[in-house]
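Below is one structure, written out as structure tokens; comments come after it.
Number of protein chains: 2
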Amino acid sequence: MTAPLHEARPTGPGRALPDTQQGMRRRNLARVMHAVSAEGPLSRAAVASRIGLTRAAVSTLVDELIRTGLLEELGPERPGRVGRPGSALAVSGRGPAGIGAEIGVDHLAACAVDLRGEVRARAVRHGTNRGRSPEPVVEELTGLVRRVVAEAERAGLWPAGLAVAVPGLVARDARTVVRAPNLDWQDVDLGAMLPGEFPLTVDNEANFGGLAELWLGVDTPGDFLHVSAEIGIGAALVVDGSLLRGTRGFAGELGHVPVHPDGPECGCGGRGCLEQYAGEEAVLRAAGLEPGEDRVGLLAGRAADGDPDVRRALREAGTALGIALTGALNLLDPEGVVLGGALAGLAPWLLPSLEAELSRRTAGPARPVSVSRLGPEGPLLGAAHSVVRAVLDDPAAVAGRA
Amino acid sequence: MTAPLHEARPTGPGRALPDTQQGMRRRNLARVMHAVSAEGPLSRAAVASRIGLTRAAVSTLVDELIRTGLLEELGPERPGRVGRPGSALAVSGRGPAGIGAEIGVDHLAACAVDLRGEVRARAVRHGTNRGRSPEPVVEELTGLVRRVVAEAERAGLWPAGLAVAVPGLVARDARTVVRAPNLDWQDVDLGAMLPGEFPLTVDNEANFGGLAELWLGVDTPGDFLHVSAEIGIGAALVVDGSLLRGTRGFAGELGHVPVHPDGPECGCGGRGCLEQYAGEEAVLRAAGLEPGEDRVGLLAGRAADGDPDVRRALREAGTALGIALTGALNLLDPEGVVLGGALAGLAPWLLPSLEAELSRRTAGPARPVSVSRLGPEGPLLGAAHSVVRAVLDDPAAVAGRA
DNA sequence: CTAATTTGTAAACTGCCATGACGAAATAGC
DNA sequence: GCTATTTCGTCATGGCAGTTTACAAATTAG
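Structure below.
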């Protein structure tokens, strides 16, 4: 009788979707899939107690999921406790697959992930894409995707959707790249250029990286900031287990948060944005290095060798990051911060000054800053997994296909 | 077949609530209430088409809502179109009421709002609460609440809950005031001191102000930043129609976003926080005024009189606000910004420099900065309405009482 | 005054989950 | 070894929610 009141769902007339029995069934199918997917092989009775339905109801749900090939019966569990042993259920390894793809500045990649989360096929092509026009790049990517799809199909999987991570801002239609500075692309409609056989989602690589951290991270909370630096400096804002995208889909532009309001001019029109202090180019310049091919590797190598200029440059970048993150933490109060992408590799030299700045500026218990263990794989895996999650979230939608 | 994939609900095993037929009914009752509440008197057929159920289903839902006193039948609509005229339904003006209360720095207030959103009773007591200990203040507030409740009951209403707005940080339990600098309170458990007859929610006045803007604002989008300055400078982050609270409930602390990282020291441990430039005390100091009783009124008065020092101080505060908001806009990409609380009254002198700073620093179309029309009433109304929303969101929960 | 249209309700129908009972398959105790 | 106990999966039954279909009531159009 004394609980917070104003958070009950649904709120607002906007989400006035009807609630019918079919919808109920769909949501319960999803709950079964989530339970089995999250907690390994499970008996029907175990699923029932996890999701709060009766064994009888779960039985019919499971039957349907087995019929449509999304669950598999592994056979009787090894007993150990009294009572008849259950029959273990697992997510199918031969059903739908999520196809992920990535357009990186220096590479292209694609992979196929099954419902179990296992990577079943992958293909990579190295070589810079800076300044290349979209058509040939997307054509090459399509080739990789087709290879990965073919391999997945040989393994008994079928593609349920394609998700593409790109180094730039993506419109809310999830098809159009509005601006990708490092590729020099503008308003490119990937939806028109990629194969149309399956549902397509295009998103910022920082967003997919953040989602990968949420879904695959070891002990990632449901509420965190995932900071990555491939394109400028982007952050994925994960709030309560889902991504905050903003009205136009541009949320998380940490790179243009003002750090020193009277600092050097920035391409965005502002002054002293974080990117002027912790962006790739800025750090290279401060370290006295020339921009070459593998810029991050170069920085990490020099820093490991003890190059004082590089170390100082990274230290200062960490401080600037700390200032910008102070603002973000004050605004969002997340549970933690995760450094991903290029920042993960440079973390050893960024973290000390970053954490010093944070603890100096924020009162109360320090928020943990951790380093992503997914490394550069994050965006690609996040993309593929986003398709898998979509299947888990609405198994009925996928049942018809195959 | 080409839609964004990874946003379908439910996501994550966390919200594994069972989905039974009773839950379905409850959600559909809520949909009916929302439809009628949002779109004025409506016939059963109109509700049915709005929420996507059949007329028959809506009929039984409406019957139940009328029986429990949440809806009222107004009688036949005046015809005008062909066909049998419908029977108008309206939200009841004699059912549950939301009781809102506010502990302000310079006043106490309480009010009762019916399901229609009408204020049916109010009580105010002026006089500063700075430095007073919690007990007598809460006792006085309880007196106001009891007066308002009694008046509401005389009008045929019954209190469905009490929501209290306080000028400080509130723990996620929605009962405890962690810190209220302007009252000099710390760790005060209001839940233990307020009447326990109805469900209680305590929240930051900035949050309630933001919710009021969302629910009562004229053309407020579902995605905005509501900035107010009563306690330091707080922002309510409304994302997709609901409030972003943060892990500990401290989200929106705009006042401690760094503006000039090497600026003057701040109480929070940092340097150059926004509060050092746009906080009440800072502005008064910059304007060469002494802190007195009605500080905001004083500033507004002098500014209107053309006092150059005051004008300059406000101009500079606007600039600082613009810098901090640039960061927030880059992070959150909201649809707009609303100035509320004290800032609304000072808007004429803050806005020019604020908007100049924003348009200089952010690329793309400028985000509209608007001024709240609720003024100082926002938090109190938001509190009362939060109770009303809770009833609309789950009418079945309230049906038993009364 | 009749035809067309729309509203609200009642009866029959379908779908979904709960309940309760039962056989199957294991352990525990004697 | 044998029986009692426990747990699992399934089946038949029942209740509940919304849909479908049909119909009377109340209005406008011609």
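As they're listed, the protein sequences go chains A and B.
Counting in our numbering, the first sequence runs from 1 upward without gaps.
Counting in our numbering, the second sequence runs from 403 upward without gaps.
Beta carbons: idealized from backbone N, C-alpha and C, even for Gly.
Keep in mind that this is a model prediction, so the values were computed, not measured.
Contact residues of the segment 767 to 781 of chain B toward chain A are absent (C-beta to C-beta distance below 8 angstroms). When C-beta distances to chain B are compared with 7 angstroms, the residues of the segment 240 to 269 of chain A below that value are Gly241, Ser242, Leu244, Gly246, Thr247, Arg248, Phe250, Ala251, Gly252, Glu253, Leu254, His256, Val257, Pro258, Val259, His260, Pro261, Cys268 and Gly269, in chain order. A residue is called buried once 16 or more other Cβ atoms fall within 10 Å of its Cβ, and glycine 529/B, having fewer, is exposed. Alanine 396/A is outside the set of residues whose beta carbon lies under 8 angstroms from a beta carbon in chain B.
With a cutoff of 8 angstroms on beta-carbon distance, glycine 570/B and proline 583/B are scored as near each other. At a cut-off of 8 angstroms between C-beta atoms, arginine 312/A does not count as an interface residue with respect to chain B. Taking a contact as a CB-CB distance under 8 angstroms, the pair valine 771/B and leucine 748/B does not count as one, their CB atoms being some 13 angstroms apart.
Judged by DSSP in its simplified three-state form, leucine 467/B adopts helix. In the three-state DSSP reduction, arginine 81/A falls in the coil class, being neither helix nor strand. With respect to the C-alpha of leucine 467/B, the residue from Val493/B, Leu455/B and Ala758/B having the closest C-alpha is Val493/B. In the pairwise beta carbon analysis, the segment 276 to 289 of chain A is classified as touching the segment 313 to 320 of chain A: at least three pairs are separated by under 8 angstroms. Phenylalanine 224/A sits in a strand when the DSSP states are folded into three classes.
Valine 113/A and leucine 211/A have their C-alpha atoms spaced approximately 15 angstroms apart. Look at proline 195/A: its C-beta is not under 8 angstroms from any C-beta on chain B.
Around the beta carbon of leucine 237/A, 16 or more other beta carbons lie within 10 angstroms, which makes this residue buried. Think of a sphere of 9 angstroms around the beta carbon of proline 736/B: the chain A residues whose beta carbon falls inside it are Gly246, Thr247 and Ala251, in chain order. A straight line joining the alpha-carbon of alanine 57/A with that of leucine 183/A spans about 52 angstroms. Think of a sphere of 9 angstroms around the beta carbon of aspartate 625/B: the chain A residues whose beta carbon falls inside it are Gly246 and Thr247, in chain order. Counting only runs of 3 or more residues that sit fully inside the segment 589 to 618 of chain B, the beta strand (DSSP E) segments are 602 to 606, in chain order. Per the Cβ contact rule, the segment 790 to 798 of chain B is not in contact with the segment 285 to 304 of chain A (fewer than 3 Cβ pairs under 8 angstroms).
As computed with DSSP, isoleucine 103/A is found in a beta bridge with Leu108/A.
Membership of glycine 93/A in any alpha helix (DSSP H) is not indicated, and neither H nor E is assigned to it by DSSP. Under the Cβ criterion of 8 angstroms, alanine 192/A is not counted among the residues facing chain B. Distance between proline 395/A and glutamate 151/A, taken at the CA atoms: about 23 angstroms.
For serine 370/A, the enclosing beta strand (DSSP E) has its first and last residue at 369 to 371.
For valine 620/B, no alpha helix (DSSP H) encloses it, and the DSSP letter there is neither H nor E.
Contacts between asparagine 28/A and chain B, judged by CB atoms closer than 7 angstroms, involve Asp421 in chain order. Contact between leucine 596/B and threonine 544/B holds, with the beta-carbon distance rounding to 6 angstroms and staying under 8 angstroms.
In this structure, Val740/B is the residue among Glu757/B, Glu759/B, Ala801/B and Val740/B with its C-alpha nearest to the C-alpha of leucine 776/B.
Interface annotation for the segment 486 to 503 of chain B against chain A: empty, criterion Cβ-Cβ distance under 8 angstroms. Taking all protein chains in view, the Cβ of glutamate 253/A is crowded by 16 or more other Cβ atoms within 10 Å, so the residue is classified as buried.
Short of 7 angstroms from the beta carbon of arginine 116/A, and not among the five residues preceding or following it, lie these beta carbons of its own chain, in chain order: Val91 and Gly93. For threonine 176/A, there is no enclosing alpha helix (DSSP H); the enclosing beta strand (DSSP E) has its first and last residue at 176 to 180.
Listed along chain A are Pro258, Gly269 and Gly270, each with a C-beta nearer than 7 angstroms to that of arginine 763/B.
DSSP, reduced to helix, strand and coil, places glutamate 280/A within a helical segment of the structure shown. For serine 644/B, the three-state secondary structure derived from DSSP is strand.
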